[in-house]
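Read in order, the letters of the sequence shown are residues 994 to 1196 in the working numbering. Where a beta carbon is used, it is the ideal one built from N, C-alpha and C, also for glycine. Bear in mind that the values here come from a model prediction, so they are computed numbers and not experimental data. Some notes on the structure that comes next.
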Amino acid sequence: MPTIKGSPSIGPLKDAYQEELLGFLDSREGPKEHGVCHSFMIDAQEFCPPPPTVKTVFFVLHSDLKVVDIVRNFLKQESSVKNSPPPRDYCIIAIPSFSLVCRTFLKEMQVYDKLAAIYELPLTLLPIDTDLLSMEDPECFADFALRDKETCLFNLARGLIKFQAVFGLFPRIRAKGPKAKMSDGNRSALSRFIERTTNTVYR
C-alpha cells in the first residue's frame, strides 16, 4: 500500500506503546527477558490453571463485563483447587481503560482484593500501517452520533495526547458538524482530562 507523501512513520508510536506495556510487565516479579513463556486463552467453560512456576499472571482485556466475569470465574476456580496453588500476583491490563462498572462488579463478587494491580494502557489509536491509525472501536460512531455517549471522544483524546507526546503538537485541530459544538461543561471536562497525561494504577 503506498504511503501518504510527507507522512511521518508511526514506528515511534509503536515503540512508545511497547515501552508502556513493558513497564507494566517489569513492575511485577518475574523474568525480564520480555519473552512469552506461557500465553493462553481462558473461558468460562474450561479451567486452565497457569503452570506452577508462574509468579505473575496478567489478564489483557477490554473493559467488558462479560470478559471481566470470565476473569472473576478464573480467580474463583484458581483459589478453590485442591492443591493450593503457589503464591502469585494477578494483574489486569485494561485497554484502553478499566470502567467503574467493571471495578464495582469485581468488588461485589469479592475477587477485587485478589488482584495485585489494575493497569490502564491507553491504546486508543492502533497503528495499522506505516501511515494509518485506527481506533478499532466498531461501536464508536453509533455511541457518539446516536446514543450521545462521549466515551469514545475521551478515548480519542487520549490517543491524540499520546501521538503529540511522540511527534509534537498538532499545528491546528479542526472539527466539523453539529457534534463539534461542545457545551462549556463538556469542554471543561475534556480539558481537565487532557491535562492528566499520566497512567493510573489502581489497587
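Item: How far does the alpha helix (DSSP H) with Leu-1153 in it reach, from first residue to last?; Value: 1144-1160
Item: Would the beta-carbon of Val-1064 fall within 8 Å of that of Phe-1098?; Value: no
Item: For Leu-1006 and Pro-1120, I'd like the C-alpha separation in whole angstroms.; Value: 8 Å
Item: Using the rule of at least 16 other Cβ atoms within 10 Å of the residue's Cβ for burial, across every protein chain shown, is Glu-1101 buried or exposed?; Value: exposed
Item: Does the segment 1138-1153 come close enough to the segment 1043-1053 to have 3 or more Cβ pairs within less than 8 Å?; Value: no
Item: Looking at the unbroken alpha helix (DSSP H) that takes in Glu-1101, where does it start and where does it end?; Value: 1093-1101
Item: Per DSSP, what kind of secondary structure is Asp-1122 in: helix, strand or coil?; Value: strand
Item: State buried or exposed for Arg-1151, treating a residue as buried only when at least 16 other CB atoms are found within 10 Å of its CB.; Value: buried
Item: Less than 8 Å between the beta carbons of Pro-1131 and Pro-1089, yes or no?; Value: no
Item: Whole angstroms is fine: what's the gap from Leu-1162's alpha carbon to Leu-1054's?; Value: 30 Å
Item: With 16 other CB atoms within 10 Å as the buried threshold, where does Ser-1073 fall?; Value: exposed
Item: Excluding the 5 residues flanking Arg-1081 on each side, which residues of the same chain have their C-beta closer than 7 Å to its C-beta?; Value: Val-1047, Lys-1048, Thr-1049, Val-1050
Item: Roughly how many angstroms separate the alpha carbons of Lys-1169 and Leu-1118, rounded to a whole number?; Value: 20 Å
Item: Tell me which residue opens and which closes the alpha helix (DSSP H) that Val-1060 is part of.; Value: 1058-1072
Item: Between Ser-1056, Ile-1003, Thr-1144, which lies nearest to Val-1094 when the distance is taken from Cα to Cα?; Value: Ser-1056
Item: From Ile-1086 to Tyr-1112, what distance separates their C-alpha atoms?; Value: 5 Å
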